[in-house]
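Visitor: In this note's numbering, the protein residues as written are 2 to 368. All C-beta atoms in this analysis are idealised placements derived from N, C-alpha and C, irrespective of residue type, glycine included. Owing to the predicted nature of the structure, the values given are computational and were not obtained by experimental measurement. Handing you a structure now.
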Amino acid sequence: MEKDSKKIKILTITPGLNVCGGIESYVMNYYQKIHNDIQMDFITHDISDYTYKNMIEKNGDNVYVFPKIGLNILKSEKIVDQFFSEHHDYDIVHCHMANAAFLYLKYAKKYGIKVRIIHSHQNKYADKLSHAIRNVPLVKVGVGYANTYFACSKLAGDFLFKRKKYYLINNAIDAKRFKYDPNMRNKMRKELGIEDDCFLIGNVGRLVPQKNQIFLVDVFSLVCEKINSKLILIGEGDLEKEIKEHIKELGIKDKVIMHPPVDNIEDYYQAMDMFVLPSLYEGLGIVNIEAQACGLKTIVSDKVPDIAKISDLLSFVKLKASEQEWANEILKNVKYDRKEQKTILADSGYDIDKESEKLLDLYKSLV
């Protein structure tokens, strides 16, 4: 399918293009609603499954896979410079990688692309101190090459842009996809081998330090001593081997399901009884919105922004609280009335149908 050459042409830059990535989910939720009205190409650095790539290319848009930006900055500069020298007809470059904007937006500016967006998705520079020290100057340079600023939350925007004016673009999702469905719940629990009386705790996200799944496994080991329960971790990442070894050490291998990323994550939420996210930091955490939309009791760390609470289903626990305190919070909330959340997304500004129209109008106004 070829796109109309008269449509606004946007280049979107993401760290990955995988179905369980938070930024990817955020971007693709909007893309699927507005792709007919624009041309949106992608530069990305990590593809472990081709669901999104195939979808984008089927729509007539392009996906360019670049090497990850490592210590050899000169090599990366050469690649990016060459790309923009050949592809400088974009109206907008929208960079979702704050620590890579110094490179992409530099060459977008060099080759005359007028609208250069840097998008803040977090309220911390990195997981590790060494990475944060590296990222601080890079991010500041990237912000300097941008001339338009987006954020997924006020916390993320204030963190990165300080006193600069920025546009708030909510982590919106499709209300129809995440509607509570008891029939799908029964189907998925059978598929996963979850007994009727088993309490299933879920977590969705990259297996990286930020998401704190090793701590969650420790918490769960205390919960499963008290009630018949299982834990499902859906995602992939650098800590996968370490998490598996830790589960084995705790002797709870038969109680934990390690599941690869899926493109029908809404069906897996149906199977869960509770969603738990003890993140070290979050710009928002789109999974928290998805879980509540599915009617799930949701327990998160106090490093998740307050605006993630779009219903009484979500409660916060201090990140520095002990494993036992987290386990107690889970056990205290085992019994609740799960039901359909009819207007939760529209009322809180997270309905993709409404928010995608706003983003499309914003793109057009910027050009």
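So, with DSSP's three-state summary, where would you put Met275?
Guide: Here residue 275 is taken as the residue at index 274 of the sequence shown, counted from 1. Strand, per DSSP.
Visitor: From the DSSP output, read off the bridge partner residues of Gln40.
Guide: Taking the first residue of the sequence shown as 1, we reach residue 40 at position 39. DSSP, once it has assigned bridges, lists Lys10 as partnering Gln40.
Visitor: Assuming Leu361 and Tyr168 are in contact, meaning their beta carbons sit under 8 Å apart, how far apart are those beta carbons, in whole angstroms?
Guide: In the sequence shown, counting from the first residue as 1, residue 361 sits at position 360. In the sequence shown, counting from the first residue as 1, residue 168 sits at position 167. Leu361 to Tyr168, Cβ: 13 Å. No contact.
Visitor: Count the other CB atoms within 10 Å of the CB of Arg164; is the residue buried (16 or more) or exposed (fewer)?
Guide: Walking along the sequence shown from the start, residue 164 turns up at place 163. Exposed, because fewer than 16 other Cβ atoms sit within 10 Å of the Cβ of Arg164.
Visitor: To the nearest angstrom, how far is it from the Cα of Tyr270 to the Cα of Leu223?
Guide: On the sequence shown, position 269 is the one that residue 270 refers to. On the sequence shown, position 222 is the one that residue 223 refers to. Approximately 22 Å between the Cα atoms of the pair.
Visitor: Could you give the residue range of the alpha helix (DSSP H) that holds Asn204?
Guide: Here residue 204 is taken as the residue at index 203 of the sequence shown, counted from 1. Not the alpha helix (DSSP H): Asn204 falls in the beta strand (DSSP E), residues 200 to 205.
Visitor: What separation, rounded to the nearest whole angstrom, lies between the Cα atoms of Thr15 and Val28?
Guide: In the sequence shown, the residue the question calls residue 15 occupies position 14. In the sequence shown, the residue the question calls residue 28 occupies position 27. Straight-line Cα distance between these residues: approximately 9 Å.
Visitor: Counting pairs of beta carbons, one from the segment 338 to 350 and one from the segment 172 to 179, are three or more of them closer than 8 Å?
Guide: Yes, since at least three Cβ pairs between the segment 338 to 350 and the segment 172 to 179 fall closer than 8 Å, the two stretches touch.
Visitor: Do you know how far the Cα of Lys227 is from the Cα of Cys96?
Guide: One-based indexing of the sequence shown puts residue 96 at position 95. One-based indexing of the sequence shown puts residue 227 at position 226. Straight-line Cα distance between these residues: approximately 46 Å.
Visitor: Going by DSSP, what residues sit across from Cys96 in a beta bridge?
Guide: Taking the first residue of the sequence shown as 1, we reach residue 96 at position 95. The partner list for Cys96 (beta bridge, DSSP) reads Ile14, Ile119.
Visitor: Excluding the five sequence neighbours on either side, which residues of its own chain have a C-beta within less than 8 Å of the C-beta of Glu241, listed in chain order?
Guide: Position 240 of the sequence shown, counted from the first residue, corresponds to residue 241. Once the five neighbours on either side are set aside, the close Cβ partners of Glu241 are Leu208, Met259.
Visitor: Is it buried or exposed for Glu25, if we count other Cβ within 10 angstroms and need 16 for buried?
Guide: Residue numbering aside, residue 25 sits at position 24 when the sequence shown is read from its first letter. Label assigned to Glu25: buried.
Visitor: Threshold first: 4 residues or longer. Then list the alpha helix (DSSP H) segments lying entirely within the segment 290 to 341, N to C.
Guide: Counting only runs of 4 or more, we get 324 to 333.
Visitor: For the beta strand (DSSP E) containing Leu232, list its first residue and its last residue.
Guide: Within the sequence shown, numbered from 1, the residue matching residue 232 stands at position 231. Segment 230 to 235, the beta strand (DSSP E) holding Leu232.
Visitor: Taking a contact to mean a Cβ-Cβ separation below 7 Å, would you say Ala309 touches Asn334 in this structure?
Guide: Start at 1 with the first residue of the sequence shown, and residue 309 comes out as number 308. Start at 1 with the first residue of the sequence shown, and residue 334 comes out as number 333. Not in contact: Ala309 and Asn334 (Cβ atoms no closer than 7 Å).
Visitor: What residue from His247, Lys304, Asn204, Leu193 has the CA that sits closest to Asp219's CA?
Guide: The count along the sequence shown starts at 1 and reaches residue 219 at position 218. Asp219 has its Cα closest to that of His247, out of His247, Lys304, Asn204, Leu193.
Visitor: Does the beta-carbon distance from Ser280 to Lys304 come in below 7 Å?
Guide: Residue 280 sits at position 279 when you count from the first residue of the sequence shown. Residue 304 sits at position 303 when you count from the first residue of the sequence shown. Result yes, Cβ atoms of Ser280 and Lys304 sit closer than 7 Å.
Visitor: Report the three-state DSSP secondary structure of Ala173 (helix, strand or coil).
Guide: Locating residue 173 in the sequence shown gives position 172, where the first residue counts as 1. The answer is coil: DSSP assigns Ala173 none of H, G, I, E or B.
Visitor: Using alpha carbons as the reference points, say which of Tyr181, Glu250, Leu18 lies closest to Glu267.
Guide: Here residue 267 corresponds to residue number 266 of the sequence shown, with the count starting at 1. Here the closest residue by C-alpha is Tyr181.
Visitor: Straight-line CA distance for Leu139 to Lys69?
Guide: In the sequence shown, residue 139 corresponds to position 138, counting from 1. In the sequence shown, residue 69 corresponds to position 68, counting from 1. Looking at the two C-alpha atoms, the distance is approximately 15 Å.
Visitor: So Phe85 and Tyr65 are in contact, right, with Cβ under 8 Å, and what is the actual spacing, rounded?
Guide: Walking along the sequence shown from the start, residue 85 turns up at place 84. Walking along the sequence shown from the start, residue 65 turns up at place 64. Their Cβ separation, rounded to whole angstroms, is 11 Å, which puts Phe85 and Tyr65 out of contact at 8 Å.
Visitor: Can you tell me the Cα-Cα spacing of Lys76 and Val144, whole angstroms?
Guide: As a position in the sequence shown, residue 76 is number 75, starting the count at 1. As a position in the sequence shown, residue 144 is number 143, starting the count at 1. Distance between the alpha carbons of Lys76 and Val144: 22 Å.
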